[in-house]
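Protein chains in written order, with the working numbering: chain C, 0 to 378; chain E, 0 to 378. Every residue gets a Cβ at the ideal spot worked out from N, C-alpha and C, and that includes glycine. Scroll down for the structure; my scribbles are underneath it.
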């Protein structure tokens, strides 16, 4: 294998596939990056066996030469060293050449590295995925759908299925749902699909979605998504992102969501978020980050917290509208802030069904996003 | 105590004094910030008993009112909470009022905090310093002198005196020297002093200088420096920064510095630094970060490293000039990079006295800075 490549393209591709490489793997060769040079371009692969990322660099782009292939071939190089080296090379172009025993020369200007490589044949094969049931989601929408749900997955392994986000496709709509059993985040959107009768119901590890969202760029193009029994594949122009799926049945969350409400508030999202943030300053220690909300007719909303050792805080917030019963309720400030950050829109509605029942946070006039939080019993 | 203050001034002052507050103190009241309001303004104090910082906010500045004092007095508030609270308050002004039992109300817009305070009389007094032997150093020069030496202090407590920087004043010159016994950094500069026969020889904890340099702003004004037997005081317009001094005699470092040389190199600082940085990529593990430099007549300089398990690297650097004996020498890449970053100037000279003797790095035509490194015996 021998080729000359534009450094910035190489750096970007290495950066992307590094997202899948873990130094704590039980399969030693997975600490490496696989490099394959064909007549058409160079493909890099990184994997921790849960996530695999393939990044493709074509020999030219917009009639500008990016790679000059001198000899096709392949090698696996230690990811840790290779990624540091390419970032720091002195010139705009890099020459990579595999010599005897997979010893690989990396040359740029007056800088010459020789890295011990491994046989690429030893590298595990990526899953073969048949593209029978494919759908598309615009990149920015996909990133939003991930951002608005993934924070709510469980971080505990007590119920492993809850560490993933449930993706359900039904009637041309993709529903993303995450819950750690104390709160729930849901986002839905229409998809572009070849076949209108496409259905799917899978659970994607939260970590996979977080990593995916880091490497999706700000392009207008759509991401192609292929779901199989054990794997999900995300395809962009130059990247293939594979993730394994979680096994097991995701709980039916629809029955958690109250269909009626007793108290309805409308508030400014930002003002409410900042007030909760301040009220939580004294609630973090000892109080488990719990704050109290009181909504009494004729008074502004009050968010408060009281830690006898430290002090107390009261935040008043003007509401836009309030309907229904008066209310006193306690909840986790962190869950509330997470939810408020995930909701789009400057105004939100919060619907309560009493101090002991889960409540809903939604943007005004928009049912594509829903955040649910279970209150905390404090008295 | 009761006053109304512009939030940004309060935030800045709290940020400055927080540099001295440690949560791991054996004196509980030192986890707090002392606030004193007089007719002239508000003074905040933070201390971990090694470092004490006092920040003063005058009632007006450039005819703009900053503080409105309603009642003089004092209190000590938990630094951790107070600093978080002031940063997040909603309005541009903050009202602070001490009520019964040092309970302190902090009010801004519709946000009201009540923090448990402590009696400021219980707070340790800052050292009384007589300003008999004072000198001045311009702020930017002082920051440079700290930056160019403090990195070389020892991080080990084996010889506690080496964890400080030696400051010596002689004949109107301030000499700053730091060494961890493997390398040495020296910077000197003329000072402005009232008395020309001022002398001093003290050792300032490296940590104190690092914290000081963080709170010095980019003003053109000079910092006033007062040295006593046990304390050093740095005074700027609004800040007093006290540090204790290290006890003991600093070793005589002048005899370490070779007065003659056998090989003299002149190289471009940046190109040399980048080459060392790359060469060290493969030297970090197992090789203790040691790289080898070879200077052979008629050839470019070569910096290399070889780790059998990982690979090897050779970096060639064009020198500006080379005089004297040919040389092969090994040294710590980290020490070399630290030294190169501390030296000002685009060209440096390196003077060697053989492969086993300390060598010197200096900017061309400038003897105010000197970096010394002990080589590593590798063969």
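State the Cα-Cα distance for the pair residue i and residue j, rounded to the nearest angstrom.
i                      : j                      : result
residue 37 of chain E  : residue 93 of chain E  : 17 angstroms
residue 4 of chain C   : residue 12 of chain C  : 12 angstroms
residue 128 of chain C : residue 41 of chain C  : 21 angstroms
residue 161 of chain C : residue 7 of chain C   : 39 angstroms
residue 343 of chain C : residue 229 of chain E : 58 angstroms
residue 119 of chain E : residue 15 of chain E  : 19 angstroms
residue 205 of chain E : residue 149 of chain E : 6 angstroms
residue 218 of chain C : residue 185 of chain E : 52 angstroms
residue 71 of chain E  : residue 116 of chain E : 16 angstroms
residue 216 of chain E : residue 277 of chain E : 34 angstroms
residue 357 of chain C : residue 257 of chain C : 7 angstroms
residue 194 of chain C : residue 167 of chain C : 15 angstroms
residue 248 of chain E : residue 95 of chain C  : 55 angstroms
residue 272 of chain C : residue 368 of chain C : 17 angstroms
residue 59 of chain E  : residue 28 of chain E  : 30 angstroms
residue 260 of chain C : residue 32 of chain E  : 47 angstroms
residue 138 of chain C : residue 365 of chain C : 21 angstroms
residue 296 of chain C : residue 156 of chain C : 43 angstroms
residue 159 of chain C : residue 78 of chain C  : 29 angstroms
residue 61 of chain E  : residue 45 of chain E  : 27 angstroms
residue 101 of chain E : residue 308 of chain C : 13 angstroms
residue 66 of chain C  : residue 2 of chain C   : 7 angstroms
residue 179 of chain E : residue 197 of chain E : 28 angstroms
residue 97 of chain E  : residue 251 of chain E : 53 angstroms
residue 112 of chain E : residue 68 of chain E  : 19 angstroms
Residues in its own chain within less than 8 angstroms of residue i by CB, not counting five upstream and five downstream?
i                      : result
residue 345 of chain E : 267, 268, 269
residue 25 of chain E  : none
residue 355 of chain E : 374, 376
residue 318 of chain C : 264, 265, 266, 294, 299, 300
residue 10 of chain E  : 85, 86
residue 89 of chain C  : 107, 108, 109, 110
residue 310 of chain C : 281
residue 172 of chain C : 187, 188, 189, 190
residue 287 of chain C : 331, 375
residue 47 of chain E  : 19, 20, 21, 24, 29
residue 279 of chain E : 288, 290, 304, 332, 333, 336
residue 238 of chain C : 15, 52, 53, 54, 55, 214
Quick check on the DSSP output: the beta strand (DSSP E) that includes residue i runs from which residue to which?
i                      : result
residue 240 of chain E : 238-243
residue 212 of chain C : From DSSP, residue 212 of chain C is part of no beta strand (DSSP E) but of the alpha helix (DSSP H) over 205-214.
residue 183 of chain E : 182-189
residue 55 of chain C  : 50-57
residue 79 of chain E  : Per DSSP, residue 79 of chain E belongs to no beta strand (DSSP E); it is in the alpha helix (DSSP H), 78-87.
Quick one: measure Cβ to Cβ for residue i and residue j, integer angstroms, because I've assumed they're closer than 8 angstroms.
i                      : j                      : result
residue 151 of chain C : residue 188 of chain C : Contact doesn't hold; Cβ gap of about 17 angstroms is too wide.
residue 199 of chain C : residue 242 of chain C : 14 angstroms between Cβ atoms; not a contact.
residue 50 of chain E  : residue 207 of chain E : 5 angstroms
residue 360 of chain E : residue 332 of chain E : In fact, because the Cβ distance is near 14 angstroms, the residues do not count as touching under 8 angstroms.
residue 246 of chain E : residue 236 of chain E : Between residue 236 of chain E and residue 246 of chain E the Cβ distance is about 31 angstroms, and since that is not below 8 angstroms, they are no contact.
residue 201 of chain E : residue 135 of chain E : Not quite, the Cβ-Cβ distance comes to about 17 angstroms (not below 8 angstroms), so this is no contact.
residue 255 of chain C : residue 183 of chain C : 6 angstroms
residue 363 of chain C : residue 348 of chain C : 6 angstroms
Any heavy atom of the ligand FAD closer than 7 angstroms to the CB of residue i?
i                      : result
residue 139 of chain E : Ligands displayed in this structure: none; no statement on the ligand FAD is therefore possible.
Using a Cβ-Cβ cut-off of 7 angstroms (strictly less than) and excluding sequence neighbours within five positions of residue i, which residues of its own chain qualify?
i                      : result
residue 212 of chain C : 142, 145, 146
residue 99 of chain E  : none
residue 130 of chain C : 225
Taking 6 angstroms as the limit between beta carbons, can you name the residues of its chain near residue i, skipping five residues before and five after?
i                      : result
residue 35 of chain C  : 42, 73
residue 82 of chain E  : 13, 17
residue 328 of chain E : 292, 354, 374
residue 320 of chain E : 265
residue 192 of chain C : 134
residue 122 of chain E : 28, 33, 75
residue 419 of chain E : Because chain E spans 0 through 378 in this model, residue 419 of chain E falls outside it and cannot be assessed.
So which residues on chain A does residue i lean against when the C-beta distance must stay under 8 angstroms?
i                      : result
residue 276 of chain C : Of the protein chains in the structure, C and E, none is chain A.
Identify the continuous alpha helix (DSSP H) that holds residue i and give its terminal residues.
i                      : result
residue 118 of chain C : Element bounds for residue 118 of chain C: n/a, residue is neither H nor E.
residue 361 of chain E : Element bounds for residue 361 of chain E: not the alpha helix (DSSP H) but the beta strand (DSSP E), 358-362.
residue 217 of chain E : From DSSP, residue 217 of chain E is part of no alpha helix (DSSP H); its letter is neither H nor E.
Given a limit of 7 angstroms on CB to CB distance, which residues of the region 99-118 of chain C reach chain E?
Using a CB distance below 7 angstroms, the part of the region 99-118 of chain C facing chain E consists of 109, 110, 111, 112, 113, 114, 115, ordered along the chain.
Chain C contacts from the region 315-343 of chain E (Cβ-Cβ distance under 9 angstroms)
Under the 9 angstroms Cβ criterion, the region 315-343 of chain E contributes 315, 316, 317.
Please list the residues of the region 73-94 of chain E that have a C-beta atom closer than 7 angstroms to any C-beta atom in chain C, keeping them in chain order.
Residues 77, 80, 83, 84, 87, 89.
Chain E contacts made by the region 295-313 of chain C, where a contact means CB separation under 8 angstroms
For the region 295-313 of chain C, which is checked against every Cβ of chain E, the residues closer than 8 angstroms are 299, 308, 309, 310, 311, 312, 313.
Where the region 260-274 of chain C meets chain E: residues whose CB sits under 9 angstroms from a CB there:
Cβ contacts with chain E: 270, 273, 274.
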